[in-house]
Amino acid sequence: MKKLTYLVASLLTTATVGMTFTGCIDNDEPYGIEQLRGAKAELLKSKKALIEADAQYKLALAEAEKVKAAAEAAKIDAERAKTEAEIAEIRQRMEAAALQAEQILARLQAEAELARLTYEQERLNLSTQQQTALDGFYRKYFTALNNYNEKYMEYVKAQKDLVANALDPNGTAYDAKKAVEDAVTTAQKNLDDAQANIEDYNEELAEAKTWKPSELGAKLTAYQDQVEENTEKMKLINLTIAENNNESEEGKALVAAKKALDALYDEEVEIPAYTFNADGTITIPGLTEPQEVIGEGWSYTWKTQYNYHGYNDALNALVNFKNDIRRYVLDDNDVEWTKAEINSLEAEKKEKAAEFDRLFAGWKMFADAYNVGGTPKYDALMSYDELKKAVDAYNAQVSATQAAKDAYYAAEKAAQEAWDAYNEKNNLDGDAWNDYYEAVNAANEAYSKAVEAANNELDKTLTALNNAVVKAQQEKNAADSKYMTAQGLADKYTDDADLKKAAEAAKKVAEDAAKALETAEKARDEQAPKAQAKAEKANDLAAATRDNAIADAEKARELALNDAPQIAGPLLDAANAADNKVYEARDAYNEAWTELSELVRVWDNETQSYAGVYGAVNNQVEEINKEYQYEEERYDGEYYTWTPSSDYGLYYQFQSEVNGSQWDAEVAIPECSVADVCAYPSSNMRYNIIALSNKIYGSYYYDKNDDDILGIPSAQLIPLTKDDIDKMLAKYGVAEIEYPNSYNYYFGLFGRTLYYDNRIEVANTYITNKPAIEAAFEDVQTQIDNLVASREELSDKIDEAGKAVEAAQEAVDELNVDSWTEYNELQRQNGVAEAMITAISEAALVTGVAETEQYTQETIDAAIEKIEQSIKDEEDGIPELEEALARAQYVLDQYEKQLVSDAEIAALAVEEAKLAMDAAKEKLDAAKARLDAAIKSVEGAE
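Numbered according to the working numbering, the sequence shown terminates at residue 1201, and the numbering increases by one at each position without gaps.
So this is what it looks like as structure tokens:
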């Protein structure tokens, strides 16, 4: 057979919510469920905030005669409106998530139905035996699929009910009593169905034990016909239910109620445009111009209230604007201004202004010294004169010290030259001995070379003579051997003339070789003694030459040793005199150096401080630190003392150069300038400019790249004005009403003085124009109240329409109650019949039966085992069902005794639905595994 597909297999892989949302293995929740579950804590928190806001609101209104209480009431009212808007937004988000889950489920159910229809077409290509084998497995799978999808939607509904309860401050949106009663009814039905199934299975088991193999095919067909007959009845019941839902008076009323509810969901509510201070009566600085809060054309429906320019945008715009202007117009505690508070502001401003003036002086000092675009101007720094004076004193001593140094090194050079002259002559005896030893060594070396050459020549001659004798001997031996061989052949073959001639020729060669050996031996005996005598004569001549050279060297040595003392004496006296001059020059240099080094750095015991250039550098740093330090808060809340950055590196480099020049004749003693030793090089000046600028003008002003923020370069080197700040804020789109807060938070001490100026001006204006300002507040609040009221009105209409839908639905449900009872019983009976079909089909596969006519007693026995297993499965599940019923009855009892809340009931329903969905998923996975195994078995049988 051709393989089952293909399209069916593909559809079965995607036709369940679990397989699409949660996968075949894991159990992750679908997006909609995740959104519903994840919002629980957020919703409960919002509900609590709303209830608390209501309570505080009512309490504040009771004390409305007090100004502060009235202001607090207004504040809480705004928070309440904001909380309501947040809850409404969450409600729509959760409803949208649930709707998405329902829509996806509907699509997957359609795909499951398509898979079912596709299988019906595919099975036409299968044999009767294959159809029989697979039908039961497919029915089981589709039954499990439908059950899982139903449980999934029950889980979605439970989550929606939980959300509805959490979002409802009045506790009326969720019917907890009905929920717990329905839970008992459902648990009881599940238990009754299981017990009925056991009863039916036992009846089928008793009958199965009487089956005969020839009857088994008819039994299978009968079960299949029963399923088809019941399915047709269920379709008719569905038609009756659909007719009741749509055509009956009750159904028409339900349709009308739903249409009315949908119309309310789509009803458009216009939001009036609103401009604050439209008539220009408010004269508070920063609020003098009309400000549009809500523009023309804003509107919303219940479904679109969170869209752009909808209800939520409008409410947030009004509430935020009201809060902004209250923060701007009132004091930091959101109450009206008093003269005492204004006086306190003026005192704080005075304190900040004094601090600004002090640090501004430091900022300007470093800015002037930095001299952007030019060389630093160190004379702009505090204590410059003292440092310059110390530097000049040092420079004044440099020339005298350098002269003493030059004199010392000149005397040292003259002394070295005198000693060199003395040492040159004082070592004449040593030179004489050195010359003697060199001559002796040279004579011995010449002798050794001459002897070696003579002996080498002798060895060469003797080797040549001996080699000639050896060669002649070898040739004689070879010739004798050849002769003896030739003569032996001639003696053996006497009649062979050629052999006789060859023997004679060989004899001649042997005789010649003997003569040649004799000649070589004679030459060796005659020439070897002559070569020996020649070598001995050459050795004697070399020895005589060596002895003569040594004798000449001894004579020259004795002559030199006798003349040395008379030459070296006067040179020694001159060298000692030169040393005395060196000592005098070094003492003078050390004295001058001590004076110079004290002008560089010295500890003054009397003042307990350093003097010299270092002392002036250190004093300058201490004075600047003392004058321009300030307290700064760290990120952890602790405070530390900031001091201007300084660096002694240049001074220590100068000191190192001075010390390095003391005993180096090639290095002149360096002169000094303030730039050479100042603790504030350009990098430190720039850092201090930035740090002080951040303090007095704020880091908002800091421009790392020198961007053209204000139309000027190097902004931090130029004093900032209020106009400059306002230009920056305008450039970055900051609203004018937020300028004071920006002054306070972003522009340092200068910004704080501007903030105090604004607060003082606003406070005085408020006191003068209090009635008009309070009227403006009330006007904004009226806009908020009207907007909230419009939504509450729509919400009330929707609630009433929803109740009408519920009432109509209950009437329709009453019409359908008998139909559903009959439908559920037929569905249960189908479950038993399908189990019987599956038992027979699996038994056929197990026993290897190809056609229904081939069923055997083994097939019947295998089917009986399957039926018995079905009974056991149902019986094993009874305790769990009884426990579920008892738990549902207990919850109902606790609810009637008011021992559990609606929220707890809703949460419990979610957990129960989740367990049911998980159990359905396990059954679905098992049915899919059995179906896959059956398909594989049938295909393998081909």
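Yeah, the Cβ is synthetic: ideal placement off N, Cα and C, and Gly gets one too. As the structure is a computational prediction, the values presented were derived from the model and not from experiment.
Excluding its 5 nearest sequence neighbours in each direction, Q914 has C-beta neighbours in its own chain below 7 Å: V859 and R860, listed in chain order. Counting only unbroken stretches of 4 or more residues, no alpha helix (DSSP H) element lies wholly within the region 770-807. If you draw a straight line from the Cα of N703 to the Cα of L830, it comes to about 38 Å. From the listed residues G1090, E1171 and K1180, the smallest Cα separation to A453 is found for G1090. It is roughly 13 Å from the alpha-carbon of V926 to the alpha-carbon of T660. For S1129, the three-state secondary structure derived from DSSP is helix.
A distance below 9 Å separates the beta carbons of E890 and Y898. Here K664 has Y848 as same chain residues with Cβ atoms under 6 Å from its own Cβ, once five neighbours each way along the sequence are excluded. A direct Cα-to-Cα measurement between V657 and R945 gives close to 33 Å. Look at the beta carbons and you see the region 634-643 touching the region 868-884: at least three pairs across the two are nearer than 8 Å.
Inter-segment contact for the region 698-716 and the region 786-805 is present: three or more beta-carbon pairs are separated by less than 8 Å. Excluding sequence positions up to five before and after L1151, its CB lies within less than 8 Å of the CB of V439, E440, A442 and V443, all in the same chain and listed in chain order.
Rounded to the nearest angstrom, the Cβ distance from L589 to E595 is 6 Å, consistent with a contact under 8 Å. Within the model, the alpha-carbon separation for A779 versus A769 is close to 16 Å. Counting along the chain, E610 sits inside no beta strand (DSSP E); it lies in the alpha helix (DSSP H) bounded by residues K598 to Y629. Separation of the CB atoms of I948 and F625 is rounded to 5 Å, and the pair is thereby assigned contact status at 8 Å.
Counting only runs of 3+ residues, the beta strand (DSSP E) found wholly inside the region 478-562 occupies 533-535 and 550-553, in chain order. For the set K437, D521, A576 and N384, the Cα lying nearest the Cα of Q1040 is the one of A576. With respect to the 9 Å criterion, A446 and A1179 are not classified as neighbours on the basis of their beta carbons. Closest option to K1125, judged by alpha-carbon separation, among N1075, K468 and V1159: K468. Nearest in C-alpha terms to W862, of all of E1081, K562 and A870, is A870. When rounded, the separation of the alpha-carbon atoms in E1181 and L383 is 31 Å. DSSP links T900 through a beta bridge to E890. Contact check between the region 512-524 and the region 1056-1064: three or more CB pairs, one atom from each, fall below 8 Å, which counts as touching.
Here the alpha carbons of M743 and A775 stand approximately 19 Å from one another. Contact holds between the region 469-476 and the region 1103-1122, because three or more Cβ pairs, one in each stretch, are under 8 Å apart. Of A765, L1008, A1022 and L1158, the smallest CA-CA separation from A599 is found for A1022.
For K1029, the number of other beta carbons within 10 angstroms of its own is below 16, and it is reported as exposed. Within the DSSP secondary-structure output, A870 pairs in a beta bridge with V861. Under the three-pair Cβ rule at 8 Å, the region 1069-1086 counts as touching the region 493-505. Distance between P999 and Y587, taken at the CA atoms: about 8 Å. Distance from the CA of E1170 to the CA of F1036, rounded to the nearest whole angstrom, comes to 49 Å.
In the three-state scheme derived from DSSP, where H, G and I count as helix and E and B as strand, P978 is classed as coil.
Counting only residues of its own chain and dropping the five nearest sequence neighbours on each side, E930 has a CB closer than 7 Å to the CB of N654 and V657. Going by DSSP, L577 is part of the alpha helix (DSSP H) stretching over Y570 to V588. Residue range Y998 to Y1005 is occupied by the alpha helix (DSSP H) that includes P999.
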